[in-house]
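Structure, as structure tokens:
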């Protein structure tokens with residue numbers, strides 16, 4: 256007489272494994288097999304839930320400013336504007352300093368012209384050439400006050416861009432084929 260040994264249930268190891276799961280190839284007793292199927296059913300519920308969430312997101316219209324990529328562009332814009340504002344503030348400070356310096360020089364030149372005009376008037380020692388010269392000097396001072404010649408604003412074309420450009424590129428990937436299924 257031949258004896259065969261019974262295979263035990265892989266879950267409880269108490270009862271004989273009478274059923275094999277085709278998915279995980281484990282042997283189960285009838286009680287553990289029912290529990291195993293209930294666990295699989297819960298996992299299927301999770302898959303269906305994730306499916307429904309993704310379906311809902313795919314069916315919703317794109318919302319402005321909600322996608323991560325749009326937020327990334329907004330962050331780049333904010334950082335770039337911050338850099339521009341910092342540079343503009345620095346340039347304004349430099350211009351105010353140079354304007355003050357220029358104004359001091361112009362004030363000194365104006366004082367000298369004023370002294371010559373006053374002396375010419377007081378001494379009644381002037382003619383058309385002096386009047387023309389003083390008028391030309393005053394006009395030059397006024398022009399220098401309006402458009403100083405001791406500085407200018409220019410773009411630095413020899414340095415790499417301070418603000419990095421960004422661009423959107425489309426990438427092509429082989430998408431995994433999704434088998435048709437019923438949902």
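In this note's numbering, the protein residues as written are 256 to 438. Just so it is clear, CB atoms sit at the ideal spot from N, CA and C, and this is done for glycine as well. Nothing here was measured: the structure is a model prediction, and the numbers come from that model.
Rounded distance between the beta-carbons of residue j and residue i, thought under 8 Å
| i | j | result |
| --- | --- | --- |
| residue 444 | residue 400 | Here the chain has residues from 256 to 438 only, and residue 444 is not among them. |
| residue 283 | residue 265 | 7 Å |
| residue 338 | residue 418 | 6 Å |
| residue 357 | residue 405 | 5 Å |
| residue 291 | residue 267 | Not a contact, Cβ separation roughly 11 Å. |
Proximity of residue i and residue j at Cβ, strictly below 8 Å
| i | j | result |
| --- | --- | --- |
| residue 403 | residue 354 | yes |
| residue 273 | residue 285 | yes |
| residue 389 | residue 368 | yes |
| residue 363 | residue 375 | no |
| residue 396 | residue 365 | yes |
For residue i, three-class secondary structure by DSSP
| i | result |
| --- | --- |
| residue 365 | helix |
| residue 424 | coil |
| residue 282 | strand |
| residue 346 | helix |
| residue 380 | coil |
| residue 409 | coil |
| residue 324 | helix |
| residue 276 | coil |
| residue 339 | helix |
| residue 315 | coil |
| residue 402 | coil |
| residue 414 | coil |
| residue 419 | coil |
| residue 433 | The pLDDT assigned to residue 433 is 49, lower than 50, so where the model puts this residue is not dependable, and the model offers no usable value. |
Environment of residue i [buried if 16+ CB atoms lie within 10 Å]
| i | result |
| --- | --- |
| residue 278 | exposed |
| residue 413 | exposed |
| residue 323 | exposed |
Residues that residue i bridges to, as DSSP identifies them
| i | result |
| --- | --- |
| residue 271 | 263 |
C-beta neighbour in chain D for residue i, strict 8 Å
| i | result |
| --- | --- |
| residue 268 | Structure shown: chain D not included; a single protein chain is present. |
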